[in-house]
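What follows is a single structure, written as structure tokens, with notes after it.
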Amino acid sequence: MLFGNGNYRYEVEENWLQLTDEWNWGWIPAVACDSKDNVYIYSRSDRPLVIYDQQGKMLDTWGDDVLDSPGSHGIFIDQEDNVYCSTIGQHCVFKFNSQGELVLTLGTPGQTGANDGDPFNRVTDVAVASNSDIFVSDGYGNARVHRYSAGGEHLLSWGEYGDGPGQFNISHCVRIDSQDRVWVCDRENNRLQIFDMEGNYLDQWTGLLQPNTVFFDSEEDVIYIAELAGQLSIYTLDGELVAKWGGGKSSPLAGEFIGGPHGMWVDSHGDLYLGEVMLGEHHRAQKYIRQR
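Numbering of the sequence shown is given in my numbering, commencing with residue 478 and proceeding in unit increments.
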């Protein structure tokens, strides 16, 4: 069965992961790919960060002694294959180099900011800009976005609770496009908000179904949007819808969504990886093969 439309059609690869009996899967809130198209699955499991090759063979596990598995939430891999993981329980962002060594920690494990709005309070996601600055969405306990230098110096913050421009009701994800615009999933306001690098409001996309995360394909100038209410949508950056599937209904069939699409990445071949949450015992990361 194919999913999507037009040039964005996908066939799901069933049972692509070679699973182990050594531990049980939990929710899979985040996935990402490195420059070699290895797939990083960040889950609420006994092994929070597991690395697979494209064929689903397990290669390695990282961060067992660092990452708080019940708080696994957001992941980002930069152009140098550094891996950034956010944890809502520890109120931190952890940066690992390409060898899995912890090289930077933003926040203090187990401690929230001293004042309302200070970083962090149940931090949700992280992204890295073209100048290597780090942007963090801080959405479950705060309603903020924070910007840091590559070395971890706090540069600025913006946002407050509400539904107006520059306000958030769960700033759930942050991503940066090829024009250095900062996109924030304002999930419970059912919209994406767009800012410049200084936090100045530029625009918004409304009418979405609880956007959880986005992914930019800079070569094709499209944005993939995973929506918690059971939908995946693909738009041009001008806002033209080019493909979608799911439609908000729950289905256990391969390629459809039992729970909420939460984590998403697209590899160099155009294949799409998606993790779901709110599944009860049905925890899965799905792989969709782009049909060209």
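We put the CB at the ideal spot given by N, CA and C, even for glycine. These figures come from a predicted structure and were not determined experimentally.
In the DSSP annotation of this structure, the continuous segment of the beta strand (DSSP E) that includes TYR517 starts and ends at 516-519. Burial is judged here by how many other beta carbons sit within 10 angstroms of a residue's own beta carbon; HIS746 has fewer than 16 and is exposed.
Beta-bridge annotation (DSSP): TYR617 is not paired with any residue.
In this structure, DSSP gives ARG658 a state outside helix and strand, which the three-state scheme calls coil. Distance from the CA atom of GLU733 to the CA atom of PRO586, rounded to whole angstroms, is 36 angstroms. Secondary structure of SER575 (DSSP, three-state): coil. The C-alpha of TRP682 is placed about 26 angstroms away from the C-alpha of CYS510. For the set ASP595, LYS726, ILE505 and ASP602, the Cα lying nearest the Cα of LEU633 is the one of ASP595.
No Cβ-Cβ contact shorter than 7 angstroms links THR589 with HIS623. SER563 is classed as buried because its beta carbon has at least 16 other beta carbons within 10 Å across all chains shown.
Contact between the stretch 722-729 and the stretch 703-714 is established, with three or more Cβ pairs separated by less than 8 angstroms. With contacts defined as CB atoms closer than 7 angstroms, MET741 and LEU730 fail to qualify as a contacting pair. A direct Cα-to-Cα measurement between GLN656 and GLU499 gives close to 44 angstroms.
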